[in-house]
Structures are given as structure tokens and as C-alpha cells.
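Numbering (the numbering used here), first residue to last: 156 to 221.
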């Protein structure tokens, strides 16, 4: 749940955002941030695929094609 802001959740988010480099003038910083965003995109794609499969299994749609 996104509204659940427990101390543990805040700590995890802080650790995640600490990995971003805020010095955008550096080429190394841009590559590092691009790499992190690329990983997030891949994870999101995996999640979307999983949810589509679960929807097809749950509702038995005949038009479920990937």
C-alpha cells in the first residue's frame, strides 16, 4: 500500500533514492542514473506481464495473447 508510511518503508525509500547521483553535470552521474532507471523499467515490465498473466488466469479471457 502506497499510503503505508512506516519507519521501515521510509528507510527503504531513502536507501533507494540515495543511489541516485544529484550532480547532473557529471557524465558518470548521468550514466549511473540512466542505469538505475533502466532497471526500474525492466522491473515494471516484468510486473505488468505478471499482472496480465494473472488476469488471464483469473478471468479466463480467450483473447489473452502476448
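A virtual CB, placed ideally from N, CA and C, is assigned to each residue, including glycine.
Since we're looking at a predicted model, the values are computed, not measured.
Requested in this report: Give the DSSP-derived three-state secondary structure of residue 215 in the structure shown.
Outcome: coil
Requested in this report: State the Cα-Cα distance for the pair residue 209 and residue 192, rounded to the nearest angstrom.
Outcome: Straight-line Cα distance between these residues: approximately 26 Å.
**Report entry** Length of the line joining the Cα atoms of residue 197 and residue 203
**Finding:** Within the model, the alpha-carbon separation for residue 197 versus residue 203 is close to 10 Å.
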